[in-house]
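Take the position in the sequence shown, starting the count at 1, then add 3; the result is the number in the working numbering. Report on one structure; see the data block that follows.
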Amino acid sequence: MIKASHRIGIGFGTTSGVITTLGVIVGLNSALDSRFLVVGGIITIAVADAFSDALAIHVSQETEESKSSSEIWESALATFFTKLVLALSFLIPVFIFSSVGAIWASLIWGLLIICLMSFFIARHRRVSPLRVILEHLAISIVVVIIARFVGVMVSSYLVSPYSI
4 MIKASHRIGI GFGTTSGVIT TLGVIVGLNS ALDSRFLVVG GIITIAVADA
54 FSDALAIHVS QETEESKSSS EIWESALATF FTKLVLALSF LIPVFIFSSV
104 GAIWASLIWG LLIICLMSFF IARHRRVSPL RVILEHLAIS IVVVIIARFV
154 GVMVSSYLVS PYSI
């Protein structure tokens, strides 16, 4: 059985790691179509956002009077390492596949992780896995679509072909 403090960190780190990284991959690729920038974005998310999310979980947990100091740190560390590892895992498809293939492989990988996490959450809560999976997939897909739209808008209105 996984401790509650670890579940909090793993759940948050997994969700944030997948959604944020997919958003960066799709958004940057839509805006600039540069493997170099996508790799840089993934590494930046893996490190900077993992620290940011760990601190956010730490502060959030501190607001709950019932949490011990060790539980707070366990949640923060679980968040950091989960997000770091998951975000970095998206480098694999970027290095293996062409630009379009990497996007599709990343989407499949990320949405599979969301499905698995949702399934385990549903089982833990003793609710229908299908409902939880579909809810989390829908939100994830909306985020990816918004990231794509933002990337296209950046490319169309803010980035000239000669600026990079």
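Ideal Cβ positions, reconstructed from N, Cα and C, are used throughout, including at glycine. Keep in mind it's a predicted model, so treat the numbers as computed, not measured.
For this session: Hey, could you find the ends of the alpha helix (DSSP H) Thr17 is sitting in?
Result: Ala7 to Leu35
For this session: Within the same chain, show all residues whose beta-carbon is closer than 6 angstroms to that of Leu31, passing over the 5 residues directly before and after it, in chain order.
Result: Leu40, Val41 and Gly44
For this session: Return yes when the Cβ of Leu91 is within less than 8 angstroms of the Cβ of Ala59, no when it is not.
Result: no
Exercise. Which one of Phe123, Leu133 and Ile148 has the shortest CA to CA distance from Leu110?
Worked result: Ile148
Problem set entry | Pairwise C-alpha distance: Val103 and Met156 | 19 angstroms
Problem set entry | DSSP three-state assignment for Glu138, whether helix, strand or coil | helix
Exercise. Are the beta-carbon atoms of Thr82 and Asp52 separated by less than 8 angstroms?
Worked result: no
Exercise. Which residues in the same chain as Ser19 place their Cβ atom closer than 6 angstroms to its Cβ, once the five residues preceding and following it in sequence are excluded?
Worked result: Asp56 and Lys86.
Exercise. If you drop the 5 nearest sequence neighbours on each side, which residues of the same chain put their C-beta closer than 6 angstroms to that of Thr47?
Worked result: none
Exercise. Near Glu74, what residues of its chain come up, given a Cβ to Cβ distance below 6 angstroms and the 5 sequence neighbours on each side ignored?
Worked result: Ser8
Exercise. Along the chain, where does the alpha helix (DSSP H) that runs through Met120 open and close?
Worked result: Ser102 to Arg128
For this session: Using a threshold of 8 angstroms, state whether the C-beta atoms of Ile116 and Leu140 are closer than that.
Result: no
For this session: Could you pull out every residue in the same chain whose Cβ sits closer than 7 angstroms to the Cβ of Phe100, ignoring the five residues on either side in sequence?
Result: Ala108
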